[in-house]
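Number of protein chains: 2
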Amino acid sequence: MESEPPAAKPPTILDVAKRAGVSKSTVSNVVRGIRSITPKTQLKVTRAIEELGYRPNILARQMVHQRTTIFGVVVGDLANPFYAEMAKQIERFAAARSYRVMFCNTQGEEAVEIAGLEGLLQQRVAGIVFLAYAGGSTRSRALLEGRMPAVFVTCSAEWGDVVCADDERGARHATEHLIGLGHERIAYCADPIVEDATDRARQAGYRQTMERAGLTPTVFHWERAEDRLLREAPVEQILTGPRRPTAFVSSNDLGAIDLLDCADRLAIPVPGKLSVVGFDDVVMAGLARINLTTIAQPKEMLARLAVDTLASRIEGHLNGDPIRQTVSCRLIIRGSTARPPR
Amino acid sequence: MESEPPAAKPPTILDVAKRAGVSKSTVSNVVRGIRSITPKTQLKVTRAIEELGYRPNILARQMVHQRTTIFGVVVGDLANPFYAEMAKQIERFAAARSYRVMFCNTQGEEAVEIAGLEGLLQQRVAGIVFLAYAGGSTRSRALLEGRMPAVFVTCSAEWGDVVCADDERGARHATEHLIGLGHERIAYCADPIVEDATDRARQAGYRQTMERAGLTPTVFHWERAEDRLLREAPVEQILTGPRRPTAFVSSNDLGAIDLLDCADRLAIPVPGKLSVVGFDDVVMAGLARINLTTIAQPKEMLARLAVDTLASRIEGHLNGDPIRQTVSCRLIIRGSTARPPR
DNA sequence: GTGAAAGCGCTAACAC
DNA sequence: GTGTTAGCGCTTTCAC
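Read top to bottom, the protein sequences are chains U and W.
Under the numbering used here, think of the first position of the first sequence as 1, with each following residue one higher.
Under the numbering used here, think of the first position of the second sequence as 343, with each following residue one higher.
Take a look at the structure:
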């Protein structure tokens with residue numbers, strides 16, 4: 001590669017054609033690796049490309065194809081480690097298939113999601129990965145359905161492919177683990193950041209297991225407040241109330257960690273007086289200081305399946321009705337669970 | 343908005359023009375909000391746009407402008423909360439200026455960075471935000487310099503604008519805090535994920551303060567190993583060695599948290615026997631379980647300045663030599679620091 | 001096997 | 001104020 005005069009405008013296919021003494025379609029053929037080209041021509045062209053430092057202008061290519069090779073990725077909150085870890089894996093697998101990704105952070109708000117999707121649509125992304133989906137949103141559906149492949153990862157909608165963990169079974173494992181330890185007053189605690197459908201599945205697994213064991217399910221929801229004190233007040237009441245649970249199944253790790261935080265502040269020993277099981281297995285959960293028993297989602301596998309599925313739709317290898325792929329998750333026992341007090 | 347026949351090919355500016363009975367440039371003028379348009383024409387066009395559900399094809403616009411409205415964002419590791427939080431803020435401020443972002447995760451590896459940059463270049467991004475920069479990389483520089491504005495955030499290079507915290511002063515605060523508590527054997531612990539230039543600045547602040555106080559600076563580096571045991575072995579030796587430090591200044595929060603983890607495993611009480619100060623103030627640092635004293639970087643402000651600067655370069659409001667903007671950081675005292683033992 | 005030519009949908013300069 | 005026109009750089013028939 002030669003050192004081009006800086007800031008000169010980049011060479012086009014025409015420049016290469018001239019230099020190689022061929023037509024631009026021939027250059028195009030070489031670039032796109034279409035055979036049926038004389039080795040000699042091939043050589044001339046390749047050399048010209050090198051000498052000029054030519055790079056195909058993707059914009060022009062996209063303009064012709066009317067489509068980019070970009071995935072739109074809708075994510076609830078990048079600052080949430082679970083999403084961040086998933087986002088990273090998605091980017092990785094996409095890059096491996098030479099797709100790029102464009103993120104769009106929604107904060108779980110439908111209006112932001114819509115605006116973000118509009119933006120992604122305008123950019124003519126090739127498909128969309130939902131890491132979070134403001135489910136009620138009929139507008140999102142109207143915007144995308146039939147126009148563009150969408151895959152829902154750890155969330156779901158009937159109108160697109162779904163890749164998710166076996167949430168119900170995961171929650172069952174969590175609950176069984178606690179019951180096995182001797183707990184009876186086990187509550188489920190729902191974090192609003194977790195997608196509705198996903199939360200429902202986890203809740204269902206919890207309820208079933210409780211009922212089968214002859215126990216009464218109880219479900220709490222975190223307040224959506226920004227302010228920590230406001231958010232935690234109701235939880236603290238529960239933690240100090242009369243018939244307080246001896247154990248919690250949380251709908252995600254972050255909620256579980258918040259629970260630990262509350263317990264710490266109230267000087268309730270974990271796991272001595274209170275057991276907590278999370279869901280996701282974010283990196284943080286493995287820190288010695290956190291040491292959270294949790295249900296691990298296979299993040300790499302989820303990301304890989306999602307990217308494969310979306311790419312297949314885009315490239316036309318996969319057609320027809322939406323498919324649903326489920327992968328199993330597993331219980332990781334750490335230090336936040338033990339037998340109930342006394 | 344009417345319900346278009348699904349999967350029909352999207353209307354073009356020409357369709358709108360026909361329907362409104364005007365020329366396509368008029369439509370273009372309306373779309374781009376250029377005034378000098380009769381209210382009447384304006385109305386006709388707007389209505390046609392609505393009826394057709396027309397959306398300008400950004401690809402075509404980009405093709406003409408020879409440039410996108412996309413920022414490339416180079417990030418070391420999205421799974422690292424500091425980068426994730428920064429990435430989120432960058433996305434937010436970019437969106438507010440109607441730029442989109444395309445991330446590229448490098449894992450701190452130069453080869454990946456180069457490949458990522460090539461990809462971003464091909465996509466004709468309008469500019470690049472480096473949240474991480476494999477500094478030695480002369481190839482990156484060759485690839486970009488003079489071609490495309492670049493801004494370095496919490497990292498730096500002479501050939502682009504820099505936005506960063508006052509790392510030197512931050513480290514000074516951290517060190518002074520420890521000295522103020524009575525510590526004398528204070529070590530600096532460097533995490534390789536922190537950019538070289540940034541690390542140097544923090545180290546300098548630490549060294550200065552130590553020397554001024556007549557104390558001997560000592561610097562440790564984390565091993566780059568993937569395996570935790572391998573990584574932590576040397577640190578554990580230091581923590582249990584004869585003339586072991588009573589306090590650490592870590593080059594970032596994650597390193598500090600790893601330090602806490604080691605201490606916990608070795609049953610060294612923090613802050614009883616060991617004090618630790620981090621750098622960044624990631625959300626995690628504020629958890630009751632972590633409770634890390636740290637130097638807070640103003641993440642929002644860094645992101646805002648970075649986006650503003652890059653946008654100004656792109657839009658031509660800012661020209662000439664690279665500029666450097668520094669914002670101050672502040673000490674947040676939590677529970678990981680106290681007076682030295684005895 | 002290679003070349004000529006017709007777009008892809010839009011912007012911008014210039015006529016009217 | 002509005003219309004006409006010439007590209008932007010590439011892919012893709014279709015002749016040769």
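The beta-carbon is built from N, C-alpha and C at its ideal position, and this holds for glycine as well.
**Prompt:** THR46(U) by DSSP, collapsed to three states: which one?
**Reply:** If DSSP states are grouped into helix, strand and coil, THR46(U) belongs with the helices.
**Prompt:** Excluding the five sequence neighbours on either side, which residues of its own chain have a C-beta within less than 7 Å of the C-beta of GLN550(W), listed in chain order?
**Reply:** Shown here for GLN550(W): same chain residues with a beta carbon closer than 7 Å to its own, the five before and five after excluded, namely ARG514 in chain order.
**Item:** Whole-angstrom distance between LEU259(U) and GLU4(U), CA atom to CA atom
**Value:** Residue placement at GLU4(U) is flagged as unreliable, the pLDDT there being 39, under the threshold of 50; the coordinate-derived value follows with that caveat. In a straight line, the C-alpha of GLU4(U) is about 59 Å away from that of LEU259(U).
**Request:** Please report the Cβ distance between THR154(U) and GLU195(U), rounded to the nearest whole angstrom; I am assuming they are in contact, meaning their Cβ atoms lie under 8 Å.
**Result:** The pair is a contact, with the Cβ atoms about 7 Å apart (cut-off 8 Å).
**Message:** Within a Cβ cutoff of 7 Å, which residues of the same chain sit near LYS641(W), ignoring the five residues on either side of it in sequence?
**Reply:** Same-chain partners within the cutoff: GLU427, MET428, GLN431.
**Request:** For MET1(U), I'd like the list of residues in its chain whose CB is within less than 7 Å of its CB, leaving aside the five on either flank, ordered along the chain.
**Result:** Residue placement at MET1(U) is poorly supported in this model, since its pLDDT is 39, which falls under 50; the coordinates are not used for a value here.
**Prompt:** Among all the DSSP beta bridges, which residues are the ones paired with ARG434(W)?
**Reply:** Per DSSP, ARG434(W) has no beta-bridge partner at all.
**Prompt:** Are the C-beta atoms of ARG619(W) and some chain U residue less than 8 Å apart?
**Reply:** Note on identity: in this sequence residue 619(W) is Val, with Arg being the wrong assignment. Any Cβ of chain U closer than 8 Å to the Cβ of VAL619(W) would place that residue at the interface, and such an atom is absent.
**Item:** DSSP-derived helix/strand/coil call for THR209(U)
**Value:** DSSP places THR209(U) in helix when its eight states are reduced to three.
**Item:** For GLY414(W): DSSP bridge partner residues
**Value:** MET444(W), ILE470(W), per the DSSP bridge assignment.
**Request:** Say whether chain U places a C-beta atom closer than 8 Å to the C-beta of GLU344(W).
**Result:** Bear in mind that the predicted position of GLU344(W) carries a pLDDT of just 39, short of 50, making it unreliable; the figure below should be weighed with that in mind. The beta carbon of GLU344(W) does not come within 8 Å of any beta carbon belonging to chain U, so the residue lies off that interface.
**Message:** Quick check on HIS183(U): does DSSP put it in helix, strand or coil?
**Reply:** DSSP places HIS183(U) in the coil class of the three-state scheme, outside both helix and strand.
**Request:** Starting from the C-beta of ARG442(W), find all residues in its chain whose C-beta is less than 6 Å away, skip the five residues before and the five after it, and write them out in chain order.
**Result:** Contacts found: ILE412.
**Asked** Would VAL283(U) count as contacting chain W if we go by Cβ distances under 8 Å?
**Response** Interface residue, yes.
**Request:** Output the residue ranges of the beta strand (DSSP E) runs that lie fully inside the region 629–683 of chain W and measure 3 residues or longer, sorted by chain position.
**Result:** For the region 629–683 of chain W, the continuous beta strand (DSSP E) assignments of 3+ residues that do not extend past its boundaries occur at 635–638, 666–669, 672–674, in sequence order.
**Asked** For the putative contact between ILE364(W) and LYS382(W), defined by C-beta atoms under 8 Å, what is the C-beta separation to the nearest angstrom?
**Response** As written in the sequence, residue 364(W) is Val, which differs from the Ile given in the question. About 11 Å; that fails the 8 Å criterion.
**Item:** Chain-ordered chain W contacts of ALA60(U) [CB-CB under 7 Å]
**Value:** Within chain W, the residues whose beta carbon sits less than 7 Å from that of ALA60(U) are MET405, listed in sequence order.
**Same chain only: Cβ atoms within 7 Å of PRO149(U), ignoring 5 sequence neighbours per side** = Around PRO149(U): GLY127, LEU310, ARG313, ILE314.
**Prompt:** Would a check of beta-carbon distances place VAL194(U) closer than 8 Å to chain W?
**Reply:** No - not a single Cβ of chain W is within 8 Å of the one on VAL194(U).
**Message:** Rounded to whole angstroms, what is the Cα-Cα separation between ARG554(W) and ARG544(W)?
**Reply:** Answer to the nearest angstrom: the Cα atoms are 16 Å apart.
**Item:** Within chain U, partners of ILE632(W) - CB distance below 7 Å
**Value:** Those within 7 Å of ILE632(W) in chain U are ARG289.
**CB-CB length for VAL277(U) against ALA256(U), believed under 8 Å** = Yes, VAL277(U) and ALA256(U) are in contact; Cβ-Cβ is about 7 Å, under 8 Å.
**Message:** Just verifying my parser: in three-state terms, what is the DSSP assignment at VAL505(W)?
**Reply:** Under the three-state reduction of DSSP, VAL505(W) is assigned to strand.
**Prompt:** For the region 663–679 of chain W against the region 629–637 of chain W, are there 3 or more C-beta pairs whose distance is under 8 Å?
**Reply:** A contact is defined here as three or more CB-CB pairs under 8 Å, and the region 663–679 of chain W meets this definition with respect to the region 629–637 of chain W.
**Request:** Please check the pair ARG304(U) and PHE93(U), which I expect to be a contact at CB under 8 Å, by giving their CB distance rounded to whole angstroms.
**Result:** Confirmed, Cβ separation roughly 5 Å.
**Asked** Within 8 Å (strictly less), CB to CB, does ALA343(U) reach chain W?
**Response** This structure cannot speak to residue 343(U), because chain U is shown only from 1 to 342.
**Prompt:** Hey, out of PRO534(W), TYR548(W), ALA539(W), GLY556(W), whose CA is closest to ALA567(W)'s CA?
**Reply:** By alpha-carbon distance to ALA567(W), the top candidate from PRO534(W), TYR548(W), ALA539(W), GLY556(W) is PRO534(W).
**Asked** Among ALA421(W), GLN449(W), GLY488(W), GLN408(W), which residue has its Cα nearest to the Cα of GLY662(W)?
**Response** If we check each option's Cα against that of GLY662(W), GLY488(W) comes out closest.
**Request:** Give the DSSP-derived three-state secondary structure of CYS531(W) in the structure shown.
**Result:** Correct three-state label for CYS531(W): strand.
**Asked** Name the chain W residues that come within less than 7 Å of PHE103(U), Cβ to Cβ?
**Response** Near PHE103(U) (Cβ distances below 7 Å), the residues of chain W are GLU433, VAL443, PHE445.
**Asked** Are there 16 or more other CB atoms within 10 angstroms of the CB of ILE376(W), so buried, or fewer, so exposed?
**Response** It is exposed - the Cβ of ILE376(W) has fewer than 16 other Cβ atoms within 10 Å.
**Asked** Going by DSSP, what residues sit across from GLY170(U) in a beta bridge?
**Response** Assignment of beta-bridge partners to GLY170(U) by DSSP yields no partner.
**Item:** Rounded separation between ILE326(U) and LEU523(W) - CA only
**Value:** Before going further, note that residue 326(U) is Thr rather than Ile in the sequence given. If I take the Cα positions, the gap works out to 54 Å.
**Message:** I need the straight-line Cα distance from ALA507(W) to GLN639(W), nearest angstrom please.
**Reply:** Going from the Cα of ALA507(W) to the Cα of GLN639(W) covers about 6 Å.
**Request:** Quick one: list the residues of chain U neighbouring ILE599(W), beta-carbon separation under 7 Å, in chain order.
**Result:** Under the 7 Å cutoff, chain U gives LEU287.
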